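So in the numbering used here, the last spot in the sequence shown is 234, and the numbers never skip.
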Amino acid sequence: MITIVDRGWPFVVVPRRPGASPRETRRVHSDGDVLPPVLHRLRAGAQLTAAAWCRTPGATGRVRATVVAGQIVVDAGDSEPLRITASPVALPLRTRSVDRVAVPMLLPHLRDIDGLFAELRRVLAPHGLISVLVPAPRSFGWHGAALRKAVRGAWRHRSAVEHPEWLAAAADFAVLADDRLDFTLDGDAASGGADELCAAGVYPPDLPDRARADLAGHRTALRTVRLRRVVARR
């Protein structure tokens with residue numbers, strides 16, 4: 001395997017397999033956003049979206065990245081964002097090259113959390129920031145015990161939902177902020193809202209069908225969600 005450096009983006013490195021075409025080698029796209037569209041429709045007030053809330057810390061940094069399952073977007077200055085196919089535990093970035101990494105809705109579903117934090121430490125510049133967005137646990141009211149139990153049991157990594165700040169601290173990051181905020185879903189939440197929120201990781205993607213039906217029928221679970229943001233420094 002050969003590693004090449006994208007000349008227009010000197011902090012990006014892309015593995016190259018022998019015989020791969022230039023298009024496949026770069027695996028780089030200048031268009032699109034890696035975030036699920038629903039994160040742009042979850043709003044706290046008139047202006048702030050869940051997507052923006054996650055990316056606000058370190059927004060003035062020279063080089064900024066957003067990591068989701070299977071892809072990463074890199075922003076530098078006023079250049080167009082660069083979207084690259086990549087594993088969260090093998091980021092195609094040079095060591096100590098990024099000022100801020102946003103990690104929205106990934107931790108509870110990732111198999112190798114330790115590997116992710118190791119990569120974040122590697123690519124972050126000294127004093128660089130991570131901004132981790134996860135769902136915040138909720139009670140679903142007096143009659144929501146069964147739904148609460150189903151949602152809690154469906155997370156792959158429950159600790160990433162209940163104690164993300166502990167995970168960051170255990171990975172040698174200094175936690176600077178740990179905030180929770182309620183967001184309201186724009187549009188018709190009753191129309192595919194449960195599937196959309198589960199696919200985005202707001203609720204467990206592997207939530208059983210019965211629990212998903214209960215979620216769709218809940219009075220407020222699709223309309224209002226609470227998210228948690230942990231900001232930490234390398």
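The beta carbon of each residue, even a glycine, is placed where N, CA and C say it ideally should be. Bear in mind that the values here come from a model prediction, so they are computed numbers and not experimental data.
Distance check for residue 195 and residue 70, CA to CA, integer angstroms please. 20 Å
Could you name the residues that DSSP lists as bridge partners for residue 183? 225
Continuous beta strand (DSSP E) stretch holding residue 127: start and end: 124-135
Rank 227, 152 and 168 by C-alpha distance to the C-alpha of residue 206 and give the top, closest one. 152
Less than 8 Å between the C-beta atoms of residue 231 and residue 150, yes or no? no
So for residue 99, helix, strand or coil by DSSP? strand
Let me make sure I understand the geometry here. Which of 180, 181 and 166 has the alpha-carbon closest to that of residue 174? 166
Just to confirm my understanding: we take residue 221, look at its own chain, exclude 5 residues before and 5 after, and list those with CB closer than 7 Å. What are they? 140 and 215
Just to confirm my understanding: we take residue 125, look at its own chain, exclude 5 residues before and 5 after, and list those with CB closer than 7 Å. What are they? 96, 97, 98 and 99
On a Cα-Cα basis, can you pick out the residue from 68, 72 and 131 that is closest to residue 59? 131
Around the Cβ of residue 88, are there at least 16 other Cβ atoms within 10 angstroms (buried) or fewer (exposed)? buried
For residue 174: DSSP bridge partner residues: 233
Who does residue 47 pair with in a DSSP beta bridge? Answer is none; residue 47 lacks a bridge partner.
Let's test the definition: count the other Cβ atoms within 10 Å of the Cβ of residue 208 and tell me whether it reaches 16, buried, or not, exposed. exposed
So, helix, strand or coil for residue 38, using DSSP? helix
What residue range is occupied by the uninterrupted beta strand (DSSP E) comprising residue 235? Coverage of the chain is limited to positions 1 through 234, which leaves residue 235 absent and any answer about it impossible.
Let me check one thing: in DSSP terms, what residues is residue 65 bridge-paired to? 74 and 101
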